[in-house]
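Q:
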Amino acid sequence: MTKSIAIIGAGPAGLMAAEAALQAAGPQAVRIDVYDAMPSVGRKFLLAGKGGLNLTHAESSEAILARYGARRDHIAPLLEAFGPDALRAWAQALGVATFTGSSGRVFPTGMKAAPLLRTWLHRLRAAGVSLHVRHHWTGWNDDGALRFSTPRGERAVHADAMVLALGGGSWPQLGSDGAWAPLLAQRGVAISPLLPSNCGFDSGWSEHFRARFAGTPVKTVVASFTDRQGRTFRQEGEFIVTETGIEGGLVYALSAPLRDEIAAAGAATLYLDLAPGRNTARLLEELAHPRGRRSQSGHIQSRTGLKGVKMGLLRELVPAADFADPARLAAAIKALPLSLLTARPLAEAISSAGGVAFEALDERLMIRSLPGMFCAGEMLDWEAPTGGYLLTACFASGRAAGAGALAWLKSPNQTPRRQRIIRAL
Ligand SMILES: Cc1cc2nc3c(=O)[nH]c(=O)nc-3n(C[C@H](O)[C@H](O)[C@H](O)COP(=O)(O)OP(=O)(O)OC[C@H]3O[C@@H](n4cnc5c(N)ncnc54)[C@H](O)[C@@H]3O)c2cc1C
Numbered sequence: 000m001t002k003s004i005a006i007i008g009a010g011p012a013g014l015m016a017a018e019a020a021l022q023a024a025g026p027q028a029v030r031i032d033v034y035d036a037m038p039s040v041g042r043k044f045l046l047a048g049k050g051g052l053n054l055t056h057a058e059s060s061e062a063i064l065a066r067y068g069a070r071r072d073h074i075a076p077l078l079e080a081f082g083p084d085a086l087r088a089w090a091q092a093l094g095v096a097t098f099t100g101s102s103g104r105v106f107p108t109g110m111k112a113a114p115l116l117r118t119w120l121h122r123l124r125a126a127g128v129s130l131h132v133r134h135h136w137t138g139w140n141d142d143g144a145l146r147f148s149t150p151r152g153e154r155a156v157h158a159d160a161m162v163l164a165l166g167g168g169s170w171p172q173l174g175s176d177g178a179w180a181p182l183l184a185q186r187g188v189a190i191s192p193l194l195p196s197n198c199g200f201d202s203g204w205s206e207h208f209r210a211r212f213a214g215t216p217v218k219t220v221v222a223s224f225t226d227r228q229g230r231t232f233r234q235e236g237e238f239i240v241t242e243t244g245i246e247g248g249l250v251y252a253l254s255a256p257l258r259d260e261i262a263a264a265g266a267a268t269l270y271l272d273l274a275p276g277r278n279t280a281r282l283l284e285e286l287a288h289p290r291g292r293r294s295q296s297g298h299i300q301s302r303t304g305l306k307g308v309k310m311g312l313l314r315e316l317v318p319a320a321d322f323a324d325p326a327r328l329a330a331a332i333k334a335l336p337l338s339l340l341t342a343r344p345l346a347e348a349i350s351s352a353g354g355v356a357f358e359a360l361d362e363r364l365m366i367r368s369l370p371g372m373f374c375a376g377e378m379l380d381w382e383a384p385t386g387g388y389l390l391t392a393c394f395a396s397g398r399a400a401g402a403g404a405l406a407w408l409k410s411p412n413q414t415p416r417r418q419r420i421i422r423a424l
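Below, the structure written as structure tokens:
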């Protein structure tokens with residue numbers, strides 16, 4: 000009888016799992032069904048393509064692995080099997096060439112996800128993969144069948160192996176809402192709480208500052224931050240003033256340690272260097288010039304080159320008395336303390352931290368306590384900054400889980416799947 004694999008979640012990880020299982024099956028007949036709750040597949044992937052799809056990164060493999068922080072050793076074998084070069088070759092084989100930007104980030108030539116997804120889906124369907132949209136997985140029936148809620152009512156599906164690729168909890172309107180977490184936790188699977196990653200922060204602007212500057216980019220600053228363990232993080236770049244605080248590339252890069260510091264200490268202080276091109280001595284010299292008949296602001300602007308939102312930040316965050324003290328003002332321009340009070344909610348974040356613990360999985364990403372059930376993608380407990388590292392690990396883990404599911408089907412002397420699942424339940 001033909002064996003079957005059910006893959007739930009049709010984002011990059013789930014679709015890659017389908018492809019890997021198909022390839023590993025070779026001429027052997029395997030039925031592969033991919034289910035997704037949404038009316039169409041790959042919605043977050045498509046959204047990622049709106050701002051320019053950053054598929055992966057061209058830096059050295061050691062540098063890439065360092066981006067996964069504490070999960071480095073779990074991600075390493077996945078990227079060894081299907082890393083950035085393999086991903087680029089895979090895209091190329093789909094007719095989508097890639098290029099490396101000046102920052103080392105790798106993009107498809109058209110910058111969009113849609114052409115890649117379109118061709119990929121066509122190839123998967125042509126190879127026999129069945130896609131089922133509007134199938135919302137809600138858990139298991141008593142007999143171990145997967146339970147889906149569909150527009151035509153409840154549906155039960157039996158499969159010989161399964162891959163869960165349900166995403167994290169950010170942007171839930173695109174389908175990945177993290178509702179799987181309690182379902183797996185009830186089955187005894189270790190799960191770290193889903194937390195915002197690559198997120199913005201609230202800082203509590205004054206009404207005056209918010210009204211004038213919300214939405215304004217702050218260009219070329221250096222932000223630094225030291226956590227309670229004395230570790231210092233530093234990032235050069237840009238951020239955006241929001242209604243309630245800050246967000247953007249520079250903030251995302253520091254978001255994991257900032258989030259953890261706020262959770263541990265109640266707040267975190269980010270120091271902004273508003274004039275990275277000038278040292279404190281030079282600023283002091285400039286600010287100490289007599290200001291003559293110029294206004295205080297006019298004097299500061301002409302002597303330091305700071306204007307617009309950077310002047311606004313100074314006015315917002317520096318005590319008025321310090322403006323008359325060149326030494327204090329110069330020090331503030333080089334290290335302006337911005338207190339961050341809360342991370343923005345998970346729903347607004349680019350990605351999630353937390354998820355299924357690697358300790359709950361074997362090396363093929365199978366849940367040890369639910370034999371035959373594999374996990375992949377952002378629902379696993381890892382995080383990384385933006386820069387293509389998210390998709391890179393999603394594709395690589397999808398590949399490992401899909402190949403793992405197929406290898407599981409091929410392995411001899413197994414208790415029939417249904418009996419095992421019922422026992423595990
Ligand atoms: C605005 C934005 C821009 C981004 N840009 C980039 C970028 O340029 N580069 C990069 O590397 N990363 C980027 N990312 C992150 C990247 O898109 C995600 O990390 C990636 O899509 C996660 O892939 P996944 O397959 O694990 O999960 P998802 O893409 O989230 O897919 C999960 C799928 O599972 C389905 N699902 C969930 N629950 C159920 C259920 N109960 N039943 C059935 N189906 C279910 C969902 O509908 C969804 O289709 C961006 C994210 C955002 C929000």
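Numbering (numbering that gives the first Met the number 0), first residue to last: 0 to 424. From the three backbone atoms N, C-alpha and C, an ideal C-beta is built for every residue, glycine too.
DSSP on phenylalanine 224, reduced to helix/strand/coil?
A: Correct three-state label for phenylalanine 224: strand.
Q: Whole angstroms is fine: what's the gap from leucine 21's alpha carbon to phenylalanine 147's?
A: In a straight line, the C-alpha of leucine 21 is about 23 Å away from that of phenylalanine 147.
Q: Could you give the distance in angstroms between the alpha-carbon of leucine 389 and the alpha-carbon of aspartate 324?
A: Spanning the two alpha carbons is a distance of roughly 46 Å.
Q: Report yes if the C-beta of leucine 405 is less than 7 Å from at least one heavy atom of ligand 1; otherwise report no.
A: No - ligand 1 has no heavy atom lying nearer than 7 Å to the Cβ of leucine 405.
Q: Along the chain, where does the beta strand (DSSP E) containing leucine 193 start, and where does it finish?
A: First-last of the beta strand (DSSP E) with leucine 193: 190–196.
Q: Would you kindly work out how many angstroms separate the C-alpha atoms of glutamine 300 and tyrosine 270, rounded to a whole number?
A: Rounded to the nearest angstrom, the two C-alpha atoms are 20 Å apart.
Q: Cβ of isoleucine 7 versus every heavy atom of ligand 1: is any distance shorter than 7 Å?
A: Yes, since a heavy atom of ligand 1 falls inside the 7 Å radius drawn around the Cβ of isoleucine 7.
Q: Buried or exposed: aspartate 361, going by 16 or more other Cβ atoms within 10 Å of its Cβ?
A: With fewer than 16 other Cβ atoms within 10 Å, it is exposed.
Q: With DSSP collapsed to three states, give me the class of arginine 233.
A: If DSSP states are grouped into helix, strand and coil, arginine 233 belongs with the strands.
Q: So what's leucine 93 in DSSP terms, helix, strand or just coil?
A: In the structure shown, leucine 93 sits in coil (DSSP, three-state: anything other than H, G, I, E or B).
Q: For the stretch 23–37 and the stretch 85–97, state whether three or more C-beta atom pairs, one from each stretch, are separated by less than 8 Å.
A: Counting Cβ pairs under 8 Å, fewer than three are found: no touch.
Q: Looking only at its own chain, which residues have a Cβ that is under 8 Å from the Cβ of alanine 23, when we skip the five neighbours before and after it?
A: The answer, listed in chain order, is Gly401, Ala402, Leu405 and Ala406.
Q: Name the DSSP beta bridge partners of serine 129, please?
A: Serine 129 is bridged to Asp32.
Q: Applying the 10 Å Cβ sphere with the 16-neighbour rule, what's the burial state of alanine 287?
A: Per the 10 Å Cβ criterion, exposed.
Q: Who are the Cβ neighbours of arginine 422 in its own chain at under 7 Å, not counting the five residues just before and after it?
A: Note that arginine 422 has pLDDT 49, beneath the 50 cutoff, so the model's placement of it is unreliable and the number below is only indicative. Same-chain partners within the cutoff: there are none.
Q: Tell me whether glycine 353 sits in a helix, a strand or coil according to DSSP, three-state version.
A: If DSSP states are grouped into helix, strand and coil, glycine 353 belongs with the strands.
Q: Do you know offhand how far methionine 15's Cα is from proline 181's?
A: Taking the straight line from one Cα to the other gives about 25 Å.
Q: Let me check you understand the geometry: is the CB of glycine 168 closer than 7 Å to at least one non-hydrogen atom of ligand 1?
A: Flag unset: Cβ of glycine 168 not near ligand 1.
Q: Ordered along the chain, which non-local residues of its own chain (more than five positions away) have a Cβ less than 8 Å from that of leucine 283?
A: Correct list, in chain order: Pro325, Ala326 and Ala329.
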